[in-house]
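Chains as they are written, first to last, in our numbering: chain A, 77 to 577; chain B, 281 to 409.
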Amino acid sequence: MSASRSYDIVIIGSGAGGGTVAQELAPLVRDGVRILVLEKGPRFADQEFTGRELEMADALYQDGGAFLTRDGTMTLAFASAYGGSTVVYTGTSLTAPQRVIRAWGVPGLEHADLTRRSAKYAEQNNVHALDDPLINDNNRLFVEGGRKAGYLVEQFPVNVKGCRGSSLCNLGCPNQAKQGTNRVQLPRAERAGVEVVTRAEVLRIEPDRTLTVRVSQKAAGTKGAPSEWAPGDYAVRARAVVAAAGAIGTSALLLRSPLPAPRSLGHGFTCHPALILVAEHARPITNDVGHPKSYFVDHGASERFVLETCMYFPFVTAKSLTGFGATHSAIMHAFPRLQMILILACDHVASGNRIAVSRTGSPIVHYRFTPETIDGLVRGTRAAARIFFAAGARRVHAPADPPLLETADADRLEERVTARHFRPGMLAVSAAHLMGGCGMGRTAADSVTDAWGRVHGLPWLRVADASLFPDSLEINPYLTIMGLADRVAEGVRRDLAVVRD
Amino acid sequence: MTLSSPVFRAVATCVVPEASRLDAAQWDEMAAIVGRAMAARPRAIQRQLALFLILLEWFPLFRHGRRLSRLDPARRTKFLDQLQRAPLLLVRRGFWGVRTLVLMGYYGRAAAAREIGYRADARGWEARR
Numbered sequence: 077m078s079a080s081r082s083y084d085i086v087i088i089g090s091g092a093g094g095g096t097v098a099q100e101l102a103p104l105v106r107d108g109v110r111i112l113v114l115e116k117g118p119r120f121a122d123q124e125f126t127g128r129e130l131e132m133a134d135a136l137y138q139d140g141g142a143f144l145t146r147d148g149t150m151t152l153a154f155a156s157a158y159g160g161s162t163v164v165y166t167g168t169s170l171t172a173p174q175r176v177i178r179a180w181g182v183p184g185l186e187h188a189d190l191t192r193r194s195a196k197y198a199e200q201n202n203v204h205a206l207d208d209p210l211i212n213d214n215n216r217l218f219v220e221g222g223r224k225a226g227y228l229v230e231q232f233p234v235n236v237k238g239c240r241g242s243s244l245c246n247l248g249c250p251n252q253a254k255q256g257t258n259r260v261q262l263p264r265a266e267r268a269g270v271e272v273v274t275r276a277e278v279l280r281i282e283p284d285r286t287l288t289v290r291v292s293q294k295a296a297g298t299k300g301a302p303s304e305w306a307p308g309d310y311a312v313r314a315r316a317v318v319a320a321a322g323a324i325g326t327s328a329l330l331l332r333s334p335l336p337a338p339r340s341l342g343h344g345f346t347c348h349p350a351l352i353l354v355a356e357h358a359r360p361i362t363n364d365v366g367h368p369k370s371y372f373v374d375h376g377a378s379e380r381f382v383l384e385t386c387m388y389f390p391f392v393t394a395k396s397l398t399g400f401g402a403t404h405s406a407i408m409h410a411f412p413r414l415q416m417i418l419i420l421a422c423d424h425v426a427s428g429n430r431i432a433v434s435r436t437g438s439p440i441v442h443y444r445f446t447p448e449t450i451d452g453l454v455r456g457t458r459a460a461a462r463i464f465f466a467a468g469a470r471r472v473h474a475p476a477d478p479p480l481l482e483t484a485d486a487d488r489l490e491e492r493v494t495a496r497h498f499r500p501g502m503l504a505v506s507a508a509h510l511m512g513g514c515g516m517g518r519t520a521a522d523s524v525t526d527a528w529g530r531v532h533g534l535p536w537l538r539v540a541d542a543s544l545f546p547d548s549l550e551i552n553p554y555l556t557i558m559g560l561a562d563r564v565a566e567g568v569r570r571d572l573a574v575v576r577d
Numbered sequence: 281m282t283l284s285s286p287v288f289r290a291v292a293t294c295v296v297p298e299a300s301r302l303d304a305a306q307w308d309e310m311a312a313i314v315g316r317a318m319a320a321r322p323r324a325i326q327r328q329l330a331l332f333l334i335l336l337e338w339f340p341l342f343r344h345g346r347r348l349s350r351l352d353p354a355r356r357t358k359f360l361d362q363l364q365r366a367p368l369l370l371v372r373r374g375f376w377g378v379r380t381l382v383l384m385g386y387y388g389r390a391a392a393a394r395e396i397g398y399r400a401d402a403r404g405w406e407a408r409r
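Okay, here's the thing in structure tokens:
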């Protein structure tokens, strides 16, 4: 037997999109509007962020951060928690490039408008460049090597307040320094009277605007608070629904709901497939202390890759190295001397790369690497190797045969690093920028929503997350998601005003 | 076929040679980490892993006249290297999956993190002063 509840606005998901919409609509509560946020993941207490790799990965990420694509050649990382993936990102805060928004060609979506809205959240989230004394050797070497190798190295603005440099951002900040929606937008929304229910998964949305919601029990010995509602199934009625469960979550939810959805639902999935590269220096460097991601090189437009500084944990590092055995172990034992660079390929919409659902309604992601995406990874790997060597590294571990590139190889990277070493299933490719599935556009013939996130043919249903992107963003996406979610909130407010009039 | 089976140990000691120096309690810790990770995965993946481990154990019999767990370390390494370069995606993927589990079990232990010099601390810079 399902319990019934009724709200004016239901927001599904509490990450960059859902958290933003919740905050922006919160003032309506004063006027008697009932707003509910449903979050699939739990709410964690500050002391539960221990920084222990496997423990936190299991608690925060879907499938421990290793959600596999259908053919098993890539893992996708996305969080399930109060605050969504803003709990586990590094807080790098860039606004959408003008050339990308122009190339998207969404009628009614202007770059200037998106930039203005993103800037509002950059200010709210204390986005700034870290001071020099807080930059570790891993990042410094990237700057030095990058400049020597002739690349334009830029500093990431980050959204931290009181960062102590734990380097554990991707496992949830143990010092509550990162200003995700769990720290800024959701608490504000809750203080204004928005109701947030965690451990609440929306199974489907009916055409009569009823949501089937399953609230799960907290399992013994697991992290996180119990749900605010008693475990069980609920029928939640809503006048307006905002789906913000992430590219995979939102697309899968709409696909398993009996709604007259546009044909392109689930299509247009992109994700910036990424590789972690490491290099060994002769002396120990500070790498596992300090903010891990402070600099980047953007060659998205010219060569389809972006390089970012990074630092990962023992297991993630181990699985990211190519090969196994003594060579692999030797690199792992050089951990205090390792420099790391993340290579992101700027992939683009390709036929067949899409989100689907299984017979039981679980999400399935179909993804094949196009030759252009592989080329982006190959070029990015060569560029990263150049930076490592220019920074003084004595060897680089890369997808090559053999995988160790010595300084003598620095002049023949084109020969040593080629596409034949990047065969799917031979290297650890992962992605955390999951985009598309409910792309914006003009009509139901070419897209799922309009430029304000409204699903074509379903005026009461809007989307407010990275699934709106009609193609890849080519940079870290959270500020753009917040900018788009701000537009969605404005659209909901407009609808509400029309109904009242 | 379980994670404490001879074939899993044979693969584990090839992937991480230092695993051969683990004592019984450390092996149990590694198996527990892998077991927990597998228990959280869909049943289909659990079945695929069990099947792949059986194939791994018996396939070398046709080629080398011995099961994988009875091969000497050099031949075992060579056999696994062939798997990771196999033309068939299914085989490469299977090996990649087992390799990932071994690395999770080994490097997911706090002792292994200490051993490689990983020192991240919630106190950040303060812990290094």
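Just so it is clear, CB atoms sit at the ideal spot from N, CA and C, and this is done for glycine as well.
Residue contact check for B/Arg408 against chain A: a CB pair falls below 7 Å.
Selection A/Arg128, A/Asn201, A/Arg267 and A/Pro368 evaluated against A/Thr162 yields A/Asn201 as nearest (Cα-Cα). Three or more Cβ pairs drawn from the stretch 540 to 551 of chain A and the stretch 510 to 525 of chain A lie within less than 8 Å of each other, which places the two stretches in contact.
Contact annotation: in the stretch 182 to 216 of chain A, residues whose CB is within less than 8 Å of a CB in chain B are Leu210. DSSP, read as helix, strand or coil, puts A/Gln255 in coil. Put simply, the CB of B/Val378 is far from chain A, with every gap to its CB atoms at 7 Å or more. Here the C-alpha atom of A/Ala402 lies approximately 6 Å from the C-alpha atom of B/Pro297.
A distance below 7 Å separates the beta carbons of A/Ala421 and A/Gly452.
Within the stretch 399 to 429 of chain A, Gly399, Phe400, Gly401, Ala402, His404, Ser405, Met408, His409, Ala410, Phe411, Pro412 and Arg413 place their CB atoms closer than 9 Å to a CB of chain B, listed in sequence order.
Proximity of B/Pro297 to chain A, defined by a Cβ-Cβ separation below 7 Å, is satisfied. Here A/His404 is buried, its C-beta having at least 16 other C-beta atoms within 10 Å.
A/Leu397 and A/Ala476 have their C-alpha atoms some 11 Å from each other.
Counting only Cβ-Cβ distances below 7 Å, A/Phe391 has contacts in chain B at Leu383, Met384, Tyr387 and Gly388, in chain order.
Cα atoms of A/Leu136 and A/Leu206: separation of roughly 26 Å, rounded to the nearest angstrom. Pairing A/Ile557 with A/Ala92 gives a Cβ-Cβ distance under 7 Å. The beta-carbon of B/Gly315 is placed no less than 7 Å from the nearest beta-carbon of chain A.
In this structure, A/Met387 sits near A/Asn214, with a CB-CB distance shorter than 7 Å.
Closest by C-alpha distance to B/Asp361, out of B/Val291, B/Arg346, B/Ala312 and B/Met310, is B/Val291. Proximity to B/Ala299 across B/Gly404, B/Ala391, B/Gly397 and B/Arg403 peaks at B/Ala391, based on C-alpha coordinates. Shown here for A/Gly117: same chain residues with a beta carbon closer than 6 Å to its own, the five before and five after excluded, namely Ser156 and Ala157 in chain order. Closer than 7 Å to the CB of A/Met502 there is at least one CB belonging to chain B. Around the beta carbon of A/Trp528, 16 or more other beta carbons sit within 10 angstroms, so the residue counts as buried.
The stretch 494 to 507 of chain A and the stretch 319 to 335 of chain A do not touch, with fewer than 3 CB-CB distances between them shorter than 8 Å. Residue-level contact by beta carbon holds for A/Asp364 and chain B, with a gap shorter than 7 Å. For the pair A/Ile417 and A/Glu448, the Cα-to-Cα distance works out to about 21 Å. In this structure, the straight-line span from the alpha carbon of A/Ile281 to that of A/Glu124 is close to 33 Å. Per DSSP, the continuous alpha helix (DSSP H) segment holding B/Glu406 begins and ends at Trp405 to Arg408. Cβ neighbours of A/Ala295 within its own chain (closer than 6 Å, five residues either side excluded): none. With the criterion set as a beta carbon lying under 9 Å from some beta carbon of chain B, the members of the stretch 226 to 241 of chain A are Cys239, Arg240 and Gly241, in sequence order.
Think of a sphere of 8 Å around the beta carbon of B/Gln326: no beta carbon from chain A falls inside it, the nearest being about 13 Å out. Straight-line spacing of the CA atoms in B/Gln306 and A/Ala394 works out to 19 Å.
Not one beta carbon of chain A lies nearer than 7 Å to the beta carbon of B/Arg356. When Cβ-Cβ separations below 7 Å define contact, B/Ala400 makes contact with chain A.
Within the same chain, Cβ atoms closer than 8 Å to the Cβ of A/Glu304 are found at Glu271, Val272, Val273 and Thr274, the five residues on either side in sequence being excluded.
Under the 10 Å beta carbon count, A/Pro500 is surrounded by 16 or more other beta carbons and is classified as buried. A/Glu129 is positioned such that its CB atom lies closer than 7 Å to that of A/Phe391.
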